[in-house]
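According to the working numbering, the stretch in the sequence shown is residues 1271 to 1366, in order. Shown next, in structure tokens, is the structure this report addresses.
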Amino acid sequence: MTELNYEAIGRCKVLAKEIESASVERNRAINELREQLRKTHGVRGEPHYDFDAAKAHASLEQIERLTQDLREKVDDFNHYAADAGERPVRFNPPRE
């Protein structure tokens, strides 16, 4: 019988919560950027709105930081996953 690795199990439990939280935070930042971009669209007969490139760039930098944080948490989780009897978390590239 395989001996349980309680340290790995505990770390995975904590990291799973942190991954969920980091994912929600990153998704919120992505949605804010989407909303900022959506507000710049004009349609025929309606005004076109200015685009704040500096604000969009700042949003992208925030998304990059949050993505790196999420990636680090996923890597940490996957480091302990096998010893904890957990399946690794996949970090896939965006769909085309």
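Built from N, CA and C at the ideal position, the CB exists for glycine as well.
Burial check for Phe1347: the Cβ neighbour count within 10 Å reaches 16 or more, so the residue is buried.
Annotation note: the segment 1296 to 1356 contains the following uninterrupted alpha helix (DSSP H) runs of length 4 or greater, listed N- to C-terminal: 1323 to 1354. About 13 Å separates the Cβ atoms of Gln1332 and Ala1292, ruling out a contact at the 8 Å cut-off. Here the segment 1309 to 1328 does not lie against the segment 1276 to 1284, with fewer than 3 beta-carbon pairs under 8 Å apart.
In the displayed model, Arg1365 falls within coil according to three-state DSSP, outside both helix and strand. Note that the C-beta distance between Leu1303 and Leu1330 is below 8 Å.
Residue state for Val1359 is assigned as coil, using DSSP reduced to three classes.
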